[in-house]
Structures are given as structure tokens and as C-alpha cells.
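Participant: So the sequences go chain by chain: A and B. Be aware that the first sequence starts at 1, since it is given in the UniProt record's numbering, and climbs by one per residue. Be aware that the second sequence starts at 1, since it is given in the UniProt record's numbering, and climbs by one per residue. Ideal Cβ placement from N, Cα and C applies to all residues, glycine included.
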Amino acid sequence: MFTRRTLLGAVAALSLMTGATGAVAQDKLYVPLISKGFQHQFWQAVKVGADKAGAELGVEVTFEGPDNESQVDKQIDMLAAALAKKPAAIGFAALDSQAAIPLLKQAQEANIPVIAFDSGVDSDIPLATASTDNLAAAALAADKMAELIGGEGKVAVVAHDQTSRTGVDRRDGFVNRIKESHPNIEVVTIEYGGGDHLKSTEITKAILTANPDIKGIFGTNEGSAIGVVNGVKESGAKVVVVGYDSGKAQKDAIREGVMAGAITQNPVGIGYETVKAAVAAAKGETVEKNIDTGFYWYDKTNIDNPEISAVLYD
Amino acid sequence: MSARESGLGGNAQQKLLAFASLIVLVIGFSLASPNFFQVSNIMAILQATSVNGVLAVGVTLIIITGGIDLSIGTLMTFCAVMTGVVLTWLGMPLPLGVLTAVGTGALCGFVSGGLVARMKIPPFIATLGMMLVLKGLSLIVTGTKPIYFNDTPGFTTIAQGSLIGQIIPLPVPNGVLVLFIVAGVAAWILGRTVLGRYTFALGSNEEAVRLSGVNTEFWKIAIYTLAGAICGIAGLLIASRLNSAQPALGLGYELEAIAAVVIGGTSLSGGRGTILGTLIGALIMSVLTNGLRVLSVAPEWQTVVTGAIIIVAVYADQMRRRGRS
């Protein structure tokens with residue numbers, strides 16, 4: 001009884017699966033993307049871009065990632081299964097670069113090109129990295145801030161952290177652009193809230209208390225930006241808030257006018273460029289080492305434009 | 001029903017058949033994709049089984065007593081973290097790190113056992129509490145950042161090297177060797193020792209065991225302690241595999257281990273179960289996960305199929321039992 005049923009079940013499941021995959025042509029190039037996540041809207045947007053490039057270039061693309069960003073071992077297992085399929089190239093966004101090195105070396109030995117995406121892979125194995133140019137994106141935030149406060153006055157930065165690549169680049173991109181192009185604006189303080197809503201709220205209130213004449217605050221990621229919005233709301237101050245990324249709270253703040261606008265990355269572009277570079281690398285073409293996938297400024301006026309709303313998530 | 005279906009022995013027919021369904025899965029995937037039955041992929045499957053397999057062996061012992069342990073996943077992580085503290089932060093030699101992992105596991109298992117046996121807190125609640133406590137402690141100790149083992153050469157060989165590969169030309173990862181050793185020892189304990197006998201007896205009828213003058217508290221705590229030590233070994237394996245102790249990892253791993261145990265025919269109501277069944281259950285889980293990936297089945301469907309297989313396996317097992325009685 002036990003076997004017959006189990007066997008039947010297994011056979012049924014298998015025939016179902018082979019049926020589903022049987023249609024895939026064998027001679028198509030195959031490019032799996034192993035991402036840091038799967039269910040999050042940001043990653044779904046990356047997948048949309050990857051599928052789009054796959055359809056245009058006539059390659060088979062798969063996209064998977066662990067349930068959450070702590071599951072480093074699950075991601076390694078996914079990478080191992082992807083390698084078993086003898087892909088033409090692999091797209092990879094490492095949760096922990098060091099943990100993935102043995103498998104990346106395996107890919108290198110098998111001559112499978114690796115293209116890093118999003119935060120990338122901390123190793124020289126990937127031929128290219130498709131990600132947001134955070135320095136340039138934060139510089140755009142600085143220009144917008146300058147425009148909004150009339151080119152002079154005091155501003156502050158609430159950053160998400162001082163060690164990660166994105167944290168450092170967004171801070172420096174903003175601060176350097178202010179120094180270079182907007183001499184009448186002074187960055188009075190840079191504080192770190194770890195991207196935590198509550199912590200960033202408290203920091204913002206402290207900044208407002210210490211600098212009552214402050215004109216604008218830049219929050220460097222979703223959590224920081226929401227914290228700044230909350231802090232400004234709670235203290236009832238009138239300052240220009242500029243944010244980063246999206247999410248429901250941030251979008252609402254922009255619609256209500258509490259936040260002037262924000263920078264959004266282009267997750268669709270990240271997926272698209274990753275697959276494009278992977279296919280080029282598989283064909284032996286040279287690929288650019290750093291691929292900027294682009295970013296946009298969005299505010300009340302363009303938040304519902306199709307081009308913008310496609311890259312925003314809740 | 002016999003309370004003494006022993007470790008690797010027991011109902012030979014059932015295990016032969018469970019094994020057969022594993023083989024059918026392997027053959028099915030091999031026919032469906034030429035990339036499945038390759039040495040490197042089979043090794044990847046075994047490697048992926050090792051951590052879940054060791055956890056499942058540990059929790060099998062507890063489930064046979066009629067209990068449950070939800071803290072095994074985060075306990076594994078906590079053991080990995082403590083190993084990182086000892087090896088990387090304090091710079092102690094490797095054997096001490098191994099001892100730390102097993103010791104931390106045993107100590108936490110002892111605490112869980114005490115909560116269940118002495119303080120009479122239901123196992124589900126006691127270990128749910130432990131699960132959260134240990135998750136928090138891992139984050140506190142590490143300051144939420146992973147600890148790397150770059151200063152301890154040889155640490156990654158615990159799971160990633162291959163002793164077997166040096167003898168025969170099959171690079172079976174050491175992690176798998178560890179899994180088989182742990183399973184062998186656990187099966188021996190269940191089948192051949194007093195502790196094993198009381199494990200089954202507690203799960204069948206705890207009251208009867210107590211009334212016959214056995215110190216049930218002592219034996220129960222002993223089993224939780226042993227299971228904790230086994231989780232420590234799982235912690236060692238995952239840390240070695242990732243060359244790091246990842247403090248945020250661990251939640252959800254308990255359910256995967258419990259699923260493997262259940263697919264392997266161990267009853268959640270206690271008194272019945274085998275280590276070999278659990279091993280096969282763990283292998284079925286990772287063959288499925290890997291096979292579906294190799295076939296490029298969409299991840300959403302992978303989850304659905306895995307869930308369905310768990311239900312089918314347990315239902316089939318119950319039908320078999322009903323047919324026999």
C-alpha cells in the first residue's frame with residue numbers, strides 16, 4: 001500500500017514536471033539568475049527585466065532566490081543545482097560572497113561566465129556587475145535637494161549605515177555633489193540610523209532640535225527615508241525631505257507632500273542588463289565590468305507615469 | 001503495536017519500500033534531465049542533505065518520546081556562532097571549536113529537557129520559547145554580523161573536504177560522512193541501549209513507565225540533551241559549509257527537519273520511528289528540491305510539489321498501517 005501510493009504519487013508528479021519542461025528547446029542558451037530574494041516586490045521587478053531580456057535574446061532564463069536574506073545555505077544549494085544544469089552563463093547576487101566562493105570557483109573551472117547583479121559578488125570571478133550607480137544616483141538627489149531649497153541653506157543626511165557599499169556610496173555621492181556644485185549649501189551633519197524606522201525618526205528629531213534653521217534632509221534608503229518623514233511629522237517642522245527607493249509608506253508621503261521626492265533604482269533594468277551581459281559573455285564577447293542599470297527621480301508629478309510606476313514597489 | 005521497532009532494523013519491508021520510492025524519484029529525475037544523474041550533482045544533493053539530515057536525526061529521538069523540538073534550527077545557528085566566538089574571536093585550536101559546538105548544543109538541549117520534564121511545560125511551548133531565545137542570543141553575541149573562519153585553516157574541510165574521495169574516486173563530502181556516522185550512532189542508541197528502550201517506552205505510554213518505577217524525568221532530559229548535542233554537530237556542519245556563522249539563519253529549518261522525520265514514517269504521536277526512515281525522508285526532500293530545480297520548475301511550483309509530497313507520504317504510511325491492523 002505504502003509503496004504503490006507513494007510510487008504513483010511520485011510518478012504522477014514527475015510526469016507533470018517533465019510535461020511542463022518538455023517544451024523547452026534543447027539548443028537554446030540557458031541562463032539561470034540566483035537572486036537574494038524572490039517574493040519581495042523589488043526582486044519580482046528584477047525578474048520581469050530578466051524575462052524581458054530572455055524573450056528578446058531568445059534564451060531560456062530562470063530566476064530563483066531564497067525565502068529571506070538570511071538563508072545563505074539555501075542560496076548555495078540553488079547555485080549548485082544551477083551549475084548542474086550546465087548553463088551558458090550565471091547571474092548571481094550573493095547573500096554572502098565568501099560562502100559562495102567554492103561554487104564560483106567551480107563555475108570558473110567549468111568556463112561558465114558569472115555576472116553579478118544588485119549588490120554584486122565580492123570576488124574577481126564575476127566578469128561584470130549590473131547594479132545601480134549609487135554615487136551618481138545620490139548626486140542627483142543632491143541636485144534635486146539644492147533646487148528645492150533654492151540653492152542655499154543647511155541640509156542633513158540620515159544614512160542607513162557607514163560600512164556597506166550602498167551606505168557609503170549614497171552618502172558620499174550626495175555630500176560630494178553638494179560640495180562641488182552647490183557652495184551655498186552646507187551639510188551640517190551625517191547621522192546613521194541603520195535603516196531602522198524608529199531610530200531614524202529619533203535621529204531626525206534630534207537634528208531638527210539642534211538645527212532649527214535646517215532646510216532639507218536626505219534619507220538614504222527606504223527605512224531611513226520613512227524615519228525622516230516620521231521625525232519631521234512629529235516635530236511639525238517645515239523641511240524638504242528627499243528619499244531613496246520606494247515602498248508604500250514612502251509613496252504615500254510623496255503623494256501627501258510630506259516628502260518632496262525620491263530616487264528609485266531600476267530593478268527591471270538590473271534584471272535586463274544582467275541577462276544581456278550573461279548572453280554576451282557566453283558568446284565570448286567582452287562585457288563592460290560595471291554596468292550602470294540606471295535610476296530615476298520621482299515626485300508627485302510623475303509618480304503615476306508608466307515608466308516610473310513600473311520600477312516602484314509597495 | 002510494538003514499542004520496540006528498533007533503529008536500523010525494525011520493519012524491513014516498510015524501509016525497503018520507502019527506499020524504493022526514493023529510487024523511483026532518482027530514476028524519474030534522471031530520465032527527465034540528463035544533468036540530474038551526474039557525480040557532481042549527486043554530491044551536491046548529498047551535501048544539501050547533510051545539515052537537514054543531522055537535524056532530523058536529532059529531532060527523531062525527541063519525536064519518538066512523543067515530544068517535539070522547535071528550537072533545533074536556531075540552536076544549530078547558536079552552536080555555529082559559539083564555535084565562531086571560540087575559534088575566530090578567541091583564536092582557540094580547532095578541536096576546541098568542535099567541542100564548543102557539541103557542548104553548547106548539549107547544554108541547550110539539557111535546558112529544553114529540563115523545561116519539558118521537570119517544569120512540565122508542554123514541549124511545543126518550551127521549545128518555541130527556546131527557539132526565540134536562541135535566535136536572539138545569536139544576534140546579540142555576533143552584533144548581527146556573520147563570523148568568518150578564515151583564520152582557522154581546515155575548518156571548511158569538516159563539511160566540504162572529502163576523506164572518502166582520497167580512498168575511492170568518489171568525492172563524497174565529509175559532511176555526508178558525518179551525517180552517516182551520526183545516524184549510525186543514533187540508530188545504535190535507539191536499538192541497543194537502555195536509553196533507546198526508554199525513548200520508545202516514553203512515547204508509547206509515559207504513565208506506565210513512570211508507574212513501573214522508572215525516573216522518567218532523568219531519561220527525558222537525557223534524550224533532549226543528546227538531541228541538542230546532535231544539533232551542535234549540525235551547527236558545525238553548516239558553519240563549515242558556509243565558512244561562517246550566519247547569525248540570522250535557522251528559523252524554518254526545524255520544520256524541514258520535522259518534515260523529513262515524518263516522511264520517514266516516524267509518528268508525531270510518539271512511540272514509533274526509525275533513524276533509517278528519517279535518513280530516507282531527508283534524502284527524499286533534497287532529491288525533490290534539487291530535481292525540481294534541475295528541471296527548471298518554477299520556484300512557486302517547487303513549494304507546492306514539496307508540500308503535496310509530504311501529505312501523500314504521510315497519508316500512504318497511515319493507509320499501510322490501517323491495512324495491517
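#1: Does the Cβ of A/G236 have 16 or more other Cβ atoms within 10 Å, making it buried, or fewer, making it exposed?
#2: Considering only residues of the segment 24-71 of chain A, which uninterrupted alpha helix (DSSP H) runs meet the minimum length of 4 residues and lie entirely inside it, listed in chain order?
#3: Going by Cα to Cα distance, which pick from B/I68, B/A20, B/N52, B/L46 is closest to B/L268?
#4: Using a threshold of 8 Å, state whether the C-beta atoms of B/G281 and B/A56 are closer than that.
#5: Can you round the beta-carbon distance between A/V31 and A/V279 to whole angstroms, since I take them to be within the 8 Å contact cut?
#6: For A/K300, would you say it is in contact with chain B, using Cβ-to-Cβ distances shorter than 8 Å as the test?
#7: Less than 8 Å between the C-beta atoms of B/A187 and B/G109, yes or no?
#8: Within 10 angstroms of the Cβ of B/T216, are there 16 or more other Cβ atoms? Answer buried if so, exposed if not.
#9: Return the first residue and the last residue of the alpha helix (DSSP H) that B/G105 is part of.
#10: Using the Cβ count rule (16 or more neighbours within 10 Å means buried), how would you classify B/V39?
#11: Taking B/N290 as part of the alpha helix (DSSP H), name the residues at either end of that continuous run.
#12: At a CB distance below 7 Å, what residues from the segment 275-309 of chain A approach chain B? Give them in sequence order.
#13: Against chain B, which members of the segment 90-114 of chain A pass a CB distance test of less than 7 Å?
#14: Do B/T83 and B/A245 have their C-beta atoms within less than 8 Å of each other?
#15: Taking 8 Å as the CB-CB cut-off, is B/Q166 touching chain A?
#16: Using only alpha-carbon positions, find the residue among A/V59, A/M78, A/K28 that is nearest to A/Y272.
#17: Can you confirm whether B/N290, when its beta carbon is compared against all beta carbons of chain A, has any partner nearer than 8 Å?
#18: From the DSSP output, in three-state form, read off B/Q38 for me.
#19: Against chain A, does B/I310 count as a neighbour if the rule is that its beta carbon must be under 8 Å from one of theirs?
#20: By a C-beta neighbour count over all protein chains shown, 10 Å radius and 16 as the cutoff for buried, is A/E222 buried or exposed?
#21: Looking at C-beta atoms only, is the number of pairs between the segment 75-92 of chain B and the segment 196-208 of chain B that lie closer than 8 Å three or more?
#22: Between the Cα of B/V24 and the Cα atoms of B/F155, B/V116, B/A316, B/I284, which residue gives the shortest distance?
#23: Going by the CB atoms, is the gap between B/L236 and B/I158 shorter than 8 Å?
#24: Quick one: which chain A residues come within Cβ less than 8 Å of B/I238?
#25: How about A/K86: is its C-beta nearer than 8 Å to some C-beta of chain B?
#26: What did DSSP end up calling B/V81 once you bin it into helix, strand or coil?
#27: Looking at the unbroken beta strand (DSSP E) that takes in A/Q265, where does it start and where does it end?
#28: When you compare the CB of A/E180 with every CB in chain B, is at least one pair closer than 8 Å?
#29: Going along chain A, which residues have a C-beta under 9 Å from B/P146?
#30: With 8 Å set as the bound, which would you pick, yes or no: does the beta-carbon of B/L249 sit closer than that to a beta-carbon of chain A?
#31: Quick one: is B/L170 buried, meaning 16 or more other Cβ sit within 10 Å of its Cβ, or exposed?
#32: Please report the distance separating the alpha-carbon of B/A277 from that of B/F19.
#33: I need the boundaries of the alpha helix (DSSP H) containing B/V178, first residue and last residue.
#34: As a quick exercise: from A/K154, A/N230, A/K233, pick the residue whose alpha carbon is nearest that of A/N184.
#35: Distance check for A/G261 and A/A81, CA to CA, integer angstroms please.
#36: Here's the rule: buried if 16 or more other CB atoms are within 10 angstroms of the residue's CB, otherwise exposed. What is A/E109?
Facilitator: To lay it out plainly:
#1: exposed
#2: 41-57
#3: B/I68
#4: yes
#5: 7 Å
#6: no
#7: no
#8: buried
#9: 94-117
#10: exposed
#11: 275-294
#12: none
#13: D96, Q98, A99, P102
#14: yes
#15: no
#16: A/V59
#17: yes
#18: coil
#19: no
#20: buried
#21: no
#22: B/I284
#23: yes
#24: D73
#25: yes
#26: helix
#27: 261-265
#28: no
#29: V72, D96, Q98, A99
#30: yes
#31: exposed
#32: One point to set straight first is that residue 277 of chain B is Gly, not Ala, in the sequence displayed. Cα to Cα, B/G277 sits roughly 8 Å from B/F19.
#33: 174-192
#34: A/K154
#35: 42 Å
#36: exposed
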